[in-house]
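Structure, as structure tokens:
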Amino acid sequence: MSSTSLHGYKDPSVPELDDETTYQLNYWAAKDIAKRSVLGPFICILGLLGTAPLSTIFDDAHGLLVTLFLLLSIGGLSRFYILKSVKTLTEKNINRWKQLVSFAILSNAIIWGIYLAANIYLYGLNTATLIILLFTIAIEASAAMSIFIWQKLTQLYVVVILLPSYIVLGMHEGIFGLSLVFGISIHIVFIYVQIVQSNKEYWTAICNNKLLENKAKELTVAKINAEKLKEEAEKANETKSEFLSSMSHELRTPLNSILGFAQLLEVSTTPPLTLEQRDNVDYIKNGGEHLLKLINQLLDLSKIEAGTIDVVIEEVNPNEIIFESVHLLQPLADKMKIQLEVPEESDTVVKTDRTLLKQILINLVTNAIKYNRVGGRVSISYAIENNKLIKITVVDTGIGIEKEKHAELFTSFSRLGKERSSIEGTGIGLTITKRIVEEMNGHIGFESVAGEGSSFWIELPITDHSNNL
Ligand code: ADP
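Positions in the sequence shown are counted from 1; adding 9 to them yields the working numbering.
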């Protein structure tokens, strides 16, 4: 069911409503009608009491008046019953309930209509009947305003309250009666068109409001669910980090003894190892070292994920950190005859975390060397931007990264196809680097062209910096 058919009012601009919302709106409209229409019969009774003395109808049609009074009182009581029973409304009985309410309201209109027609029939169009007629139009207009939510009921109300008088006027008052009928009809059509128009806007607003309300509810539920999921994910992540951390510790102990004994074997002279045995020991050592590196990196990652790394801000000379990192990696660079270029000495000082900055640089420069070509170049430079940031760039003349692989660069354990190459790696160095940079409220980025080289940069906030300290 869609809102376009709600109570006979059509508005194609309102989107489809689901059955539940349609029921809610029907329920709401029913309650509203019940509340508004309670006063209807009492206004009619007041009208009866106020207008009956104007004519001699009380003397001429005593029985009719008493009957009308009784009927209107029953009508009044039935409205209270309707108002009370609205609580028991369900999706199933709403249509029956609508019929009941419509019947109560319409019977009221018929009773008043008969009263007016009886006056016209008995006395013609004298002052008293004209006053009752005006009273009728007022009742009809106010009733129409009360029940306008149901279009069909409004139409029927207008017809039944005036039909008896129309018939009597047409039959007994000749051309004068007919022109009066015509005048009243124009008046009614005018009221009716106004009501339909405003009601259309009214329903459109209500439907849109309801839709918004539903969307807001959906959003709240989605938000609660998302928060729950986030909590669960955080918990799972914590458990994973704890597991990784304890596993790494457990693995490192036996691994260190494997490496230690392999080293002992290597230097053993009684009896000395054969060449083949020496090769085998080398395999043990290389494999062990690779495993140790992987375990250490996993431990680093789990520490970062568990949020247990502390950022310790101190005054640091970036040249010094660059120099220390390059010094550590010089043997690796020498193996591939790679030239390492560092910035000229300077006494610039920035406030940042020394250990973390060094770890970031070691990771980036290691990659720049590993994924380079023999005889290549790696250059490290930095710039202070607006006294707020330090931007460090590591440029290499290496193999570069194909464009289609750029998106997965910072994904854990993704080696972008290098797992099949002879270059050793674990695929989590850049993940760790990125996490550390983010932990320090910084950014990391890169540019790379396959076959030409890459440029990795990091930007870190520096709380303060000064020259010539
Ligand atoms: P690992 O080097 O241990 O494989 P990283 O997380 O440090 O792991 O790097 C992920 C992948 O990104 C590498 O396997 C490599 O394919 C690519 N990569 C990283 N740095 C560079 C670089 N400077 N030049 C080319 N490729 C790189």
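We put the CB at the ideal spot given by N, CA and C, even for glycine.
These numbers were taken from a predicted model, which means no experiment stands behind them.
Please indicate yes or no: does the CB of Ser-457 lie closer than 7 Å to some heavy atom of ligand 1? yes
Evaluate contact between the segment 112–123 and the segment 169–176, counting only Cβ atoms and requiring at least three cross-stretch pairs below 8 Å. yes
Just checking my contact of Glu-275 with Arg-287 at CB under 8 Å: how many whole Å lie between their CB atoms? 7 Å
Considering only the beta carbon of each residue, do Leu-131 and Asp-68 sit closer than 8 Å? no
With a CB to CB cut of under 7 Å and the five nearest residues on each side skipped, what residues in its chain are close to Asp-362? Val-320, Val-321, Ile-322, Met-449
Is Ile-193 close to chain C, meaning its C-beta is less than 8 Å from at least one C-beta of that chain? No chain C is part of this structure, which consists of one protein chain only.
Let me know the secondary structure DSSP gives Gly-462 once reduced to three states. strand
Roughly how many whole angstroms lie between the Cα atoms of Val-75 and Glu-25? The straight-line gap from Cα to Cα measures roughly 50 Å.
Would you tell me roughly how many angstroms separate the C-alpha atoms of Gly-451 and Thr-472, rounded to the nearest one? 12 Å
So the candidates are Tyr-380, Ser-355, Glu-394, Ala-392; which of them puts its Cα closest to the Cα of Arg-424? Tyr-380
Sorry if obvious, but does the Cβ on Ser-266 come closer than 7 Å to a heavy atom of ligand 1? no
Which residues end up in the neighbourhood of ligand 1 when you take C-beta atoms closer than 7 Å to any of its heavy atoms? Ordered along the chain, the selected set is Asn-372, Asn-376, Ala-377, Lys-379, Tyr-380, Asp-405, Gly-407, Ile-408, Gly-409, Ile-410, Leu-418, Ser-423, Arg-424, Leu-425, Gly-426, Lys-427, Gly-434, Thr-435, Gly-436, Ile-437, Gly-438, Leu-439, Thr-440, Ser-457, Ser-463, Phe-465.
My parser needs the alpha helix (DSSP H) runs of 4 or more residues fully inside the segment 217–245; what are they? none
Neighbourhood of Glu-456 by C-beta distance below 8 Å, restricted to the same chain and skipping five residues each side: Ser-463, Ser-464
Would you please state the rounded distance, in angstroms, between the beta carbons of Ile-369 and Ile-437? I believe it to be under 8 Å. Not confirmed; about 14 Å, so no contact.
I'd like the list of long-range same chain contacts for Cys-53, defined as Cβ closer than 8 Å, with 5 residues on each side in sequence excluded. Within the same chain, Cβ atoms closer than 8 Å to the Cβ of Cys-53 are found at Leu-81, Gly-84, Asn-117, Ile-120, Trp-121, Ile-148, the five residues on either side in sequence being excluded.
What residues match up with Gly-454 in a beta bridge as DSSP calls it? Trp-466
Where do the N-terminal and C-terminal ends of the alpha helix (DSSP H) with Asn-31 fall, by residue? The amino acid at residue 31 is misidentified as Asn; the sequence shows Thr. Thr-31 -> alpha helix (DSSP H) spans 28–46.
Helix, strand or coil at Leu-284 [DSSP, three-state]: DSSP places Leu-284 in helix when its eight states are reduced to three.
Delimiting residues of the beta strand (DSSP E) encompassing Thr-361: 358–361
By the 10 Å Cβ neighbour count, where 16 or more other Cβ atoms means buried, how is Val-202 classified, buried or exposed? exposed
Gln-206 burial status per 10 Å Cβ neighbour count (16 or more: buried): exposed
Assign Asp-319 to one of three DSSP states: helix, strand, or coil. coil
For the segment 323–334 against the segment 290–297, do three or more pairs of beta-carbon atoms, one drawn from each stretch, fall closer than 8 Å, so that the two count as touching? no
Helix, strand or coil, according to DSSP, for Leu-134 in the structure here? Leu-134 falls in the coil class under three-state DSSP.
Helix, strand or coil for Arg-386, going by three-state DSSP, please let me know. strand
Three-way DSSP call (helix, strand, coil) for Ala-153 in this model: helix
Backbone CA spacing between Gly-185 and Leu-139 [nearest angstrom]: For the sequence presented, residue 185 should be read as Phe rather than Gly. C-alpha separation (whole angstroms): 13 Å.
Own chain, CB closer than 8 Å to Leu-418, minus 5 neighbours either side, in chain order: Ile-410, Leu-425, Leu-439, Phe-455
Have a look at Ala-126, Lys-161, Trp-159, Gln-160 and flag the residue whose alpha-carbon is nearest the alpha-carbon of Phe-144. Ala-126
Contacts around Glu-29, its chain only, beta-carbon distance under 6 Å, and the 5 residues preceding and following it disregarded: none
Ile-441 and Leu-310 look like a contact to me (Cβ under 8 Å); what is the Cβ gap, rounded to whole Å? 5 Å
Provide the residue span of the beta strand (DSSP E) that contains Val-75, from first to last. First-last for Val-75: 71–94, but that is the alpha helix (DSSP H), not the beta strand (DSSP E).
Label Thr-163 either buried or exposed according to how many other C-beta atoms from any shown protein chain fall within 10 Å of its C-beta, with 16 as the threshold for buried. buried
Along the chain, where does the alpha helix (DSSP H) that runs through Val-169 open and close? 160–181
Can you tell me whether Thr-435 is helix, strand or coil according to DSSP? coil
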